[in-house]
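Reviewing the structure listed below.
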Amino acid sequence: MPRTPRKKENKEPVIIEEVKEPEPEPEVETEQAPAPQQDANEDIELEIPKKRPRQRTEKQLEQLKLAREKALLNKETRRKQKEDEEQAIKKELESKIQAEKKAIELKIVKKALSIKKKEIKKQEILDEISDDETPIEQVKIPVKKESNLKVKTNKTLYFD
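So for the sequence shown, this note's numbering puts the first residue at 656; every next one is plus one.
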């Protein structure tokens, strides 16, 4: 947005009266330490006339009062609206957090159930083996059978 130049106001020049500097007092030698000298500029205070505030009419005062009341009302409505939005956001976040917690709990329960089932199956297998009193030496391990096809070097196949 381009800036618009301000209108120059015609200001009346402020007249400052010249202040005469006081003559320095003659120094008298005493046993006390000499006082530090002050600058003449520090003691001089310039009086600048203050502008009087413009007198407002009753109608202007009423309008100003109404505008202030409306501004306060708008401020309150914006504050309430902001609080409502913040509360809605907090509720939404809390509901999301609760949903995530429930989902995690369900996953944990399912995993715990699957682990428990596996343990039960392993225990059942161990119980079956312990019930069987056959010696370990007699248990045969199944061996893979060789295929009936034999391949010779001359690439002819013989079936048994």
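Each residue gets a CB set at the ideal place from its N, CA and C atoms; glycine is no exception.
Going straight from the alpha carbon of residue i to that of residue j, what length do you get?
{"i": "T732", "j": "D739", "result": "10 Å"}
{"i": "K714", "j": "E741", "result": "41 Å"}
{"i": "I770", "j": "I784", "result": "21 Å"}
{"i": "E747", "j": "K735", "result": "18 Å"}
{"i": "V764", "j": "I744", "result": "30 Å"}
{"i": "R627", "j": "K737", "result": "Outside the modelled stretch of the chain, which goes from 656 to 815, sits residue 627, for which no answer is possible."}
{"i": "K782", "j": "S750", "result": "Residue identity differs from the one stated: residue 782 is Asp in this sequence, not Lys. Distance between the alpha carbons of D782 and S750 is about 48 Å."}
{"i": "L716", "j": "T659", "result": "30 Å"}
{"i": "L728", "j": "L721", "result": "11 Å"}
{"i": "A726", "j": "K756", "result": "45 Å"}
{"i": "I703", "j": "K730", "result": "38 Å"}
{"i": "Q778", "j": "E760", "result": "27 Å"}
{"i": "A754", "j": "A767", "result": "20 Å"}
{"i": "P708", "j": "E724", "result": "23 Å"}
{"i": "D718", "j": "A758", "result": "For clarity, residue 718 is Gln in the given sequence; the question names Asp instead. Computed Cα separation, rounded: 60 Å."}
{"i": "I780", "j": "K772", "result": "12 Å"}
{"i": "E774", "j": "I752", "result": "33 Å"}
{"i": "K762", "j": "K776", "result": "21 Å"}
Residue i by DSSP, collapsed to three states: which one?
{"i": "K705", "result": "coil"}
{"i": "T712", "result": "coil"}
{"i": "D732", "result": "According to the sequence shown, residue 732 is Thr rather than Asp. T732 falls in the helix class under three-state DSSP."}
Of all the CB atoms in chain C, is at least one closer than 8 Å to the CB of residue i?
{"i": "E702", "result": "The structure shown contains no chain C; it holds only a single protein chain."}
With hydrogens ignored, establish whether the beta-carbon of residue i is closer than 7 Å to any heavy atom of the ligand HEM.
{"i": "L719", "result": "Absent from the structure shown: the ligand HEM. Ligands present: none."}
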